[in-house]
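Novice: Protein chains in written order, with our numbering: chain A, 1 to 450; chain B, 451 to 617.
We put the beta carbon where it would ideally sit given N, CA and C, even for glycine.
What you are looking at is a predicted structure, and each value in this text was computed from that prediction instead of being measured.
Dropping a structure here in structure tokens format, bear with me for questions.
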């Protein structure tokens, strides 16, 4: 027992060794989770399409992801004859490296004291965490462009260039979504941003910056090349895009890089807007935990609805959603160094489900529609949000009561959201009217009468 | 726009709790209709005599020339079939057969019928030349439980069955 303490104490006081151990743990966890996320994606998309999904390999298809990995490993590693060899090898490495580097700043849990030293549950507690994401995300763009160029294939080149253009356009939206939160918090350190949302669900920044949340949410899809923004890799458009010529392990690296990117983005949005590793329970208004009550009501309601549709769910399926909702209370009873990662995991799974759901439900953007959307619609909205947030923060000032600033920001944010919604619906109604009635002509993009 | 996107996504999600339309073969097999044209069967009479008399009308009508037939005189003491001849060698090359059912329609003895068996995959081409011993019904099966006319018209409702019209 004594020697274990000695080893741990040495570990805690030795930052390099500690970082290596943390890297091992995080890498192991993420690489272990990716096959099951691949399986969950195929399963959920299948269910939305009224079919069962992979169910041959293990019970419920559990081993499918691992088997996919083995298959990719054993495939023939083909290099197209006239490609640029060095760049061909380099591209997947850049993509995967950028994706994994992003993992190093995500806080997975609260910091704790051990052997007289504060141990953070982040691989590196960078004070400029948010900036690091943008810097490293740029490396990912390099990887995709180089992959498209080095393949000696016109389709890949087009796919790579389109992906590069899309990624750099939506990095602006990403930044504008985050800036509102940064102005409220005043620091770039992701752990501190999480900590300032520790008061339960009503302290989360999604209520104070709903427009920022929406913009980060949309840019998240564009940054990971995920439907509705997946033109660079859409199979029916470009036969595979920038990773057409890749096979075996290199393709597995691209594939894994995409999923790790999704995991990173999901963790980021939960850190910035949804409280990170903090639990949503805990805000008490007049002594009652409203979110807890809401969860219990949701559990009962989902059981009732599922029981009415019993035929589709089976005798066990009716209990799954209520059990999950009620079980989320149980996470809070774990020790804090376990509850933190558990909440990060739960929030990540929720966002992965939303990613997968959007892929199954939405059609793809055309490339010019994509660029229009990023530059002409999201950028102005982001600037308006930025300006409004800055004005409110300046006007409220540091001396007001602690509820004034969040309330004012929430009012502004939701008002802007309502304006966006009505404006876009009116635009769509006008364009539909022009399309379906004679003699009505409108200008192409702004839909103003000619 | 946001509410419309959300409505669209909810409509898609509703399908997760609707029943799946997939039939999980091979644990669950789809029911075939009674006139399904599967692998051929050579039927027998109730007393065990084969119906096939080796007339080779099926071989003549087959569009793919998939049937090979050698006839032999029946031994009067030990008849195999109910007529004068029987088919000594009867082979159908299942890889040439197009499963059209003309042989079944041409047979005057109601001997060859197309049965319900469709799981015919093998690992070698030789195994797909169906021999007589594969196709002939076992003795205890006896009388083929579908007469040809009944089989071919079983999907027509009784009210529409004109009865006297030959196919």
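Can the beta-carbon of residue 270 of chain A be found less than 7 Å from the beta-carbon of residue 332 of chain A?
Specialist: Working through the first chain from its first residue, we reach residue 270 of chain A at position 270. Working through the first chain from its first residue, we reach residue 332 of chain A at position 332. Contact: no.
Novice: Give a yes or no on whether 7 Å exceeds the smallest Cβ distance from residue 52 of chain A to chain B.
Specialist: Residue numbering aside, residue 52 of chain A sits at position 52 when the first chain is read from its first letter. It does; some Cβ of chain B falls within 7 Å.
Novice: Between residue 363 of chain A and residue 228 of chain A, how many whole angstroms is the CB-CB distance? I'm expecting something under 8 Å.
Specialist: Sequence index remark: in the first chain, residue 363 of chain A carries index 363 (1-based). Sequence index remark: in the first chain, residue 228 of chain A carries index 228 (1-based). Right, their Cβ atoms sit about 7 Å apart.
Novice: Smallest Cα separation from residue 51 of chain A: which of B:468, B:480 and B:543?
Specialist: In the first chain, the residue the question calls residue 51 of chain A occupies position 51. The shortest C-alpha separation from residue 51 of chain A is found at B:468.
Novice: By the 10 Å Cβ neighbour count, where 16 or more other Cβ atoms means buried, how is residue 474 of chain B classified, buried or exposed?
Specialist: Taking the first residue of the second chain as position 1, residue 474 of chain B is located at position 24. Exposed is the call here.
Novice: Excluding the 5 residues preceding and the 5 following residue 440 of chain A in the sequence, name in chain order all residues of the same chain whose CB lies nearer than 7 Å to its CB.
Specialist: Residue 440 of chain A sits at position 440 when you count from the first residue of the first chain. If we look at residue 440 of chain A and ignore the five residues flanking it on each side, its Cβ neighbours are 433 and 434.
Novice: May I have the straight-line CA-CA distance separating residue 25 of chain A from residue 376 of chain A, to the nearest angstrom?
Specialist: Taking the first residue of the first chain as 1, we reach residue 25 of chain A at position 25. Taking the first residue of the first chain as 1, we reach residue 376 of chain A at position 376. The straight-line gap from Cα to Cα measures roughly 43 Å.
Novice: Between the Cα of residue 34 of chain A and the Cα atoms of A:248, A:263 and A:394, which residue gives the shortest distance?
Specialist: Stepping through the first chain from its first residue, residue 34 of chain A is reached at position 34. Selected option, being the one with the closest Cα: A:263.
Novice: Counting only Cβ pairs nearer than 7 Å, list the residues of chain B close to residue 309 of chain A.
Specialist: For the purposes of this step, residue 309 of chain A is taken as the residue at position 309 of the first chain. Within chain B, the residues near residue 309 of chain A are 467.
Novice: Using beta carbons (cut-off 7 Å, strictly below), is residue 48 of chain A in contact with chain B?
Specialist: Counting from 1 along the first chain, the entry for residue 48 of chain A is found at position 48. Cβ-Cβ to chain B under 7 Å: yes for residue 48 of chain A.
Novice: Residue 118 of chain A bridges to which residues according to DSSP?
Specialist: The sequence position of residue 118 of chain A within the first chain is 118, counting from 1. Per DSSP, A:113.
Novice: Say whether chain B places a C-beta atom closer than 7 Å to the C-beta of residue 424 of chain A.
Specialist: Along the first chain, read from residue 1 onward, the residue named residue 424 of chain A stands at position 424. Chain B contact via Cβ: present.
Novice: Residues of chain A with CB closer than 8 Å to the CB of residue 478 of chain B, please, in chain order.
Specialist: Translated into the one-based positions of the second chain, residue 478 of chain B becomes position 28. Chain A residues near residue 478 of chain B: none, gap ~11 Å exceeds 8 Å.
Novice: Got a sec: which bits of the region 200 to 234 of chain A sit with their beta carbon under 8 Å from any beta carbon on chain D, in order along the chain?
Specialist: Absent from the structure: chain D. Protein chains present are A and B.
Novice: Between residue 419 of chain A and residue 232 of chain A, what straight-line distance do the alpha-carbon atoms span, to the nearest angstrom?
Specialist: The residue you call residue 419 of chain A lines up with position 419 of the first chain. The residue you call residue 232 of chain A lines up with position 232 of the first chain. Cα to Cα, the separation comes out at about 32 Å.
Novice: Taking three-plus beta-carbon pairs below 8 Å as touching, is the region 487 to 498 of chain B in contact with the region 560 to 579 of chain B?
Specialist: Yes, the region 487 to 498 of chain B touches the region 560 to 579 of chain B.
Novice: Does any residue of chain B have a CB that is nearer than 7 Å to the CB of residue 415 of chain A?
Specialist: The sequence position of residue 415 of chain A within the first chain is 415, counting from 1. So, not an interface residue.
Novice: Which chain B residues sit within Cβ distance under 8 Å of residue 357 of chain A?
Specialist: Indexing the first chain from 1 puts residue 357 of chain A at position 357. Simply 459, 462 and 463.
Novice: How about residue 472 of chain B: is its C-beta nearer than 7 Å to some C-beta of chain A?
Specialist: Here residue 472 of chain B corresponds to residue number 22 of the second chain, with the count starting at 1. Chain A, which has a Cβ nearer than 7 Å to the Cβ of residue 472 of chain B, makes this yes.
Novice: How should residue 581 of chain B be labelled, buried or exposed, when 16 other C-beta atoms within 10 angstroms of its C-beta is the threshold for buried?
Specialist: Taking the first residue of the second chain as 1, we reach residue 581 of chain B at position 131. With fewer than 16 Cβ atoms within 10 Å of its Cβ, residue 581 of chain B is classed as exposed.
Novice: Let's see if you can read the secondary structure: which residues bound the alpha helix (DSSP H) around residue 516 of chain B?
Specialist: Taking the second chain and counting its residues from 1, one reaches residue 516 of chain B at position 66. Looking at the DSSP string, residue 516 of chain B is not in any alpha helix (DSSP H), and its letter there is neither H nor E.
Novice: Quick one: which unbroken alpha helix (DSSP H) runs of 4-plus residues sit fully inside the region 533 to 572 of chain B? Chain order, please.
Specialist: Counting whole runs of 4 or more residues, the region 533 to 572 of chain B contains the alpha helix (DSSP H) stretches 552 to 556.
Novice: Give the residues of chain A in contact with residue 572 of chain B, contact being defined as C-beta atoms less than 8 Å apart.
Specialist: Looking up residue 572 of chain B in the second chain gives position 122. What residue 572 of chain B touches in chain A: nothing, since even the nearest Cβ is about 22 Å away.
Novice: Along chain B, in chain order, which residues have C-beta atoms closer than 8 Å to that of residue 421 of chain A?
Specialist: Counting from one through the first chain, the residue named residue 421 of chain A turns up at place 421. Those within 8 Å of residue 421 of chain A in chain B are 451, 452 and 453.
Novice: Quick check on DSSP: helix, strand or coil for residue 614 of chain B?
Specialist: The sequence position of residue 614 of chain B within the second chain is 164, counting from 1. Only weak support exists for where residue 614 of chain B lies, its pLDDT of 43 falling under 50; the value from the coordinates is given anyway. Residue 614 of chain B falls in the coil class under three-state DSSP.
Novice: Quick one: list the residues of chain B neighbouring residue 366 of chain A, beta-carbon separation under 8 Å, in chain order.
Specialist: By one-based count along the first chain, residue 366 of chain A stands at place 366. Residues of chain B passing the Cβ test: none, with the nearest at roughly 17 Å.
Novice: Could you check what DSSP says for residue 230 of chain A in three-state terms: helix, strand or coil?
Specialist: For the purposes of this step, residue 230 of chain A is taken as the residue at position 230 of the first chain. Three-state result, residue 230 of chain A: coil.
Novice: Would you call residue 104 of chain A buried or exposed, if buried means 16 or more other Cβ atoms sit within 10 Å of its Cβ?
Specialist: Residue mapping note: residue 104 of chain A aligns to position 104 of the first chain, counting from 1. That one is buried.
Novice: 7 Å is my cut-off, CB to CB: does residue 323 of chain A come that close to chain B?
Specialist: Taking the first chain and counting its residues from 1, one reaches residue 323 of chain A at position 323. No, residue 323 of chain A does not count as interfacial toward chain B.
Novice: Expressed to the nearest angstrom, what Euclidean distance is found between the alpha-carbon atoms of residue 273 of chain A and residue 187 of chain A?
Specialist: Taking the first residue of the first chain as position 1, residue 273 of chain A is located at position 273. Taking the first residue of the first chain as position 1, residue 187 of chain A is located at position 187. Cα-Cα distance, rounded: 14 Å.
Novice: So, at 7 Å on beta carbons, what are the nonlocal neighbours of residue 547 of chain B in its own chain, with the 5 sequence-adjacent residues on each side left out?
Specialist: By 1-based counting over the second chain, the position of residue 547 of chain B is 97. The residues are 514 and 516.
Novice: Given that residue 428 of chain A touches chain B, what residues does it touch there, using C-beta distances under 9 Å?
Specialist: One-based indexing of the first chain puts residue 428 of chain A at position 428. Result: 451 and 454.
Novice: Can you grab the Cα-Cα spacing for the pair residue 464 of chain B / residue 209 of chain A, in whole Å?
Specialist: What you label residue 464 of chain B is simply residue 14 of the second chain in a count that begins at 1. What you label residue 209 of chain A is simply residue 209 of the first chain in a count that begins at 1. Cα-Cα distance, rounded: 30 Å.
Novice: Under 8 Å Cβ-Cβ, which residues of chain B neighbour residue 147 of chain A?
Specialist: Numbered from its first residue, the first chain carries residue 147 of chain A at position 147. Per Cβ cutoff of 8 Å: no residues; residue 147 of chain A is ~31 Å from chain B at best.
Novice: Kindly say whether residue 361 of chain A, judged by its beta-carbon, lies nearer than 7 Å to any beta-carbon of chain B.
Specialist: Stepping through the first chain from its first residue, residue 361 of chain A is reached at position 361. With 7 Å as the cut-off, residue 361 of chain A counts as an interface residue toward chain B.
Novice: Return the residue from the list A:334, A:72, A:101 and A:407 that minimises the CA-CA distance to residue 265 of chain A.
Specialist: Working through the first chain from its first residue, we reach residue 265 of chain A at position 265. Closest option to residue 265 of chain A, Cα to Cα, is A:101.
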